[in-house]
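K.L.:
If you use this note's numbering, the sequence shown corresponds to residues 1 to 152, in order. In this text, a Cβ means the ideal position worked out from N, Cα and C, and glycines have one as well. Only a predicted model underlies this, so the values are computations on that prediction, with no experimental measurement involved. Quick one: this structure, given as structure tokens, is what I'll be asking you about.
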Amino acid sequence: MSEQVLDEIDKKLLQILQDNCKHNFTQIGNELDIAESTVRYRIERLEKRGIITNYIALINPRMVGLTITAIMMIKINPQKIRDISSRLAKFKELRHLFRTTGQYDMISVVNARDISHLNKLMSEIKQIDGINELIVEVATELVKVDPKFSIE
């Protein structure tokens with residue numbers, strides 16, 4: 001997809017929404033010194049262009065019982081990569097799933113309740129025909145998580 005051109009108001013609008021998407025159109029308009037109707041129009045335009053894809057609450061996984069965060073690295077039989085990608089995408093514990101270049105074909109960020117849950121998940125994934133290797137590294141310390149993008 002080609003780069004989407006954003007003017008300064010769109011960039012500021014996106015930054016405000018990333019900081020707190022609960023702001024209403026009036027609050028955003030006041031902050032940007034533009035009319036509420038302009039805010040509404042611009043947000044709808046950003047949604048239609050696929051720049052804004054959703055509005056979500058960010059939840060601390062540890063506070064809802066997901067105490068383990070791990071990185072899963074997977075080597076896959078090249079003939080089965082599409083099928084396996086689709087199957088892996090169905091696992092709710094795999095929070096981010098990437099096809100990659102380099103030593104591994106896919107890498108995932110995983111959240112699990114505990115080590116037992118993680119081991120069960122690993123066993124299920126290893127059973128998938130075409131998975132050649134599965135390496136899991138458990139995170140010992142959260143250094144940074146920032147779902148916001150710098151828009152310049």
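Between K148 and Q18, which are expected to be in contact by the criterion C-beta below 8 Å, what is the C-beta distance as a whole number of angstroms?
P.N.:
Within the sequence shown, residue 148 is the residue found at index 148, counting from 1. Within the sequence shown, residue 18 is the residue found at index 18, counting from 1. Yes, they are in contact, since the Cβ atoms of K148 and Q18 sit about 4 Å apart, within 8 Å.
K.L.:
Let me make sure I understand the geometry here. Which of T100, I125 and I9 has the alpha-carbon closest to that of L46?
P.N.:
Here residue 46 is taken as the residue at index 46 of the sequence shown, counted from 1. The shortest Cα separation from L46 among T100, I125 and I9 belongs to I9.
K.L.:
What is the rounded straight-line gap between the Cα of D114 and the Cα of E152?
P.N.:
Residue mapping note: residue 114 aligns to position 114 of the sequence shown, counting from 1. Residue mapping note: residue 152 aligns to position 152 of the sequence shown, counting from 1. Approximately 39 Å between the Cα atoms of the pair.
K.L.:
Classify T100 as buried or exposed, calling it buried when 16 or more other Cβ atoms lie within 10 Å of its own Cβ.
P.N.:
Start at 1 with the first residue of the sequence shown, and residue 100 comes out as number 100. With fewer than 16 other Cβ atoms within 10 Å, it is exposed.
K.L.:
Which partner residues of V109 appear in the DSSP bridge assignment?
P.N.:
As a first step, residue 109 must be located in the sequence shown, where it is residue number 109. According to DSSP, V109 bridges with I71 and H96.
K.L.:
Going by CA-CA distance only, name the one from F98, E36, I81 and F91 that's closest to N111.
P.N.:
For the purposes of this step, residue 111 is taken as residue 111 along the sequence shown, with counting starting at 1. Of F98, E36, I81 and F91, the residue nearest in Cα terms is F91.
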